[in-house]
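For reference, the structure is listed below as structure tokens.
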Amino acid sequence: MRWIHRDSVVTCDHDGRVENRPSRQWVTITGVPVLVDDDPEGRTIVACPNYGPTIKPCTTTLTVRVGYSDWIRVDGHKVVLSHLEGFTNGTPPGLVKHTVRDPRQQFLGSDR
Numbered sequence: 001m002r003w004i005h006r007d008s009v010v011t012c013d014h015d016g017r018v019e020n021r022p023s024r025q026w027v028t029i030t031g032v033p034v035l036v037d038d039d040p041e042g043r044t045i046v047a048c049p050n051y052g053p054t055i056k057p058c059t060t061t062l063t064v065r066v067g068y069s070d071w072i073r074v075d076g077h078k079v080v081l082s083h084l085e086g087f088t089n090g091t092p093p094g095l096v097k098h099t100v101r102d103p104r105q106q107f108l109g110s111d112r
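Under UniProt numbering, the sequence shown has 29 at position 29, and the numbering climbs by one with no breaks.
If you want it as structure tokens, here you go:
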């Protein structure tokens, strides 16, 4: 599992792109701030192609189900890892997830 940072590619199941916003700036990977717990939640999703008369596209990430390190913390917050998975607000409700498509770094990893 790789650490996730601001430039990592996180998408909804339909390939809409999550806008990453790190809350902590002082721990970086090649100058790019890492994400910590709560950073992937409540983030905007852009360009979700899943839309129609009765279909709501993904526009926001919801609570993360898995993907926070059990052992590594930054300023008391768990580091986000590449097995990140949570739901979005798109349809069908409770089925559409957001996940890491590409961590965009190969330097830092963790087994937990």
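Glycine residues also receive a C-beta, built at the ideal position from the N, C-alpha and C atoms.
- In the three-state scheme derived from DSSP, where H, G and I count as helix and E and B as strand, Ser69 is classed as strand.
- Assigned with DSSP and collapsed to three states, Asp102 falls in strand.
- Within its own chain, the residues whose Cβ lies closer than 8 Å to the Cβ of Thr63, once the five positions on either side in sequence are excluded, are Glu41, Gly86 and Phe87, listed in chain order.
- Taking 8 Å as the upper bound for CB-CB distance, Asn20 and Cys58 are not in contact here, some 15 Å apart.
- When rounded, the separation of the alpha-carbon atoms in Ile4 and Pro49 is 24 Å.
- With distances taken between CA atoms, Thr28 lies nearest to Val79 out of Leu84, Val79, Asp70 and Gly94.
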